[in-house]
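Some notes on the structure that comes next.
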Amino acid sequence: MKPTSFRLPADALERLRTLTQPGESMAAVFQRALIALEGSPPPVSLDRLAARLDALEARLLALERERLPIVPDRPPMIAGDRDASILQRFQSGETKRAIARQLGIAESTVRAVLKRRAL
1 MKPTSFRLPA
11 DALERLRTLT
21 QPGESMAAVF
31 QRALIALEGS
41 PPPVSLDRLA
51 ARLDALEARL
61 LALERERLPI
71 VPDRPPMIAG
81 DRDASILQRF
91 QSGETKRAIA
101 RQLGIAESTV
111 RAVLKRRAL
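Structure below.
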């Protein structure tokens, strides 16, 4: 492969210099930058991006309108502090995994409590 020479604008060259790690050559910085660019998606026009965001917002609004309140089929049981905390966090929108991590319990325990409460 034949080496290629080219000139970079001063601001681009300065940005690349800020990426240089101690003892690293500019050639290595260029190589890392090129590898990063190869994996990046092609640029999207602002109009297309705006259209995609509008479609996403419309879909989220539609999902919000479809959301039904969570009503248990049976009267609520008296729950312990842990169960009450799990229920409160789940109803506020937290994921089962996040609840388990915050309370220091297994995700299967969270699922069991929610299943027991028919949620």
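Each residue of the sequence shown is one higher than the one before, counting from 1 in UniProt numbering. Beta carbons are placed, not taken as given, at the ideal position from N, Cα and C, and that holds for glycine.
- Within the same chain, and ignoring the five residues on either side of Phe90 in sequence, the residues whose Cβ sits closer than 8 Å to its Cβ are Lys96, Ile99, Val110, Leu114, Leu119.
- DSSP places Ala84 in the uninterrupted alpha helix (DSSP H) bounded by 81-91.
- The C-beta distance from Leu103 to Arg82 rounds to 7 Å, short enough to fall under 8 Å.
- Each residue's CA atom was taken as its position, placing Ala84 and Leu61 some 30 Å apart.
- Classified as exposed, Ile35 has fewer than 16 neighbouring CB atoms from the shown chains inside 10 Å of its CB.
- Contact check for Leu8 against Val29 fails: the beta carbons are separated by 7 Å or more.
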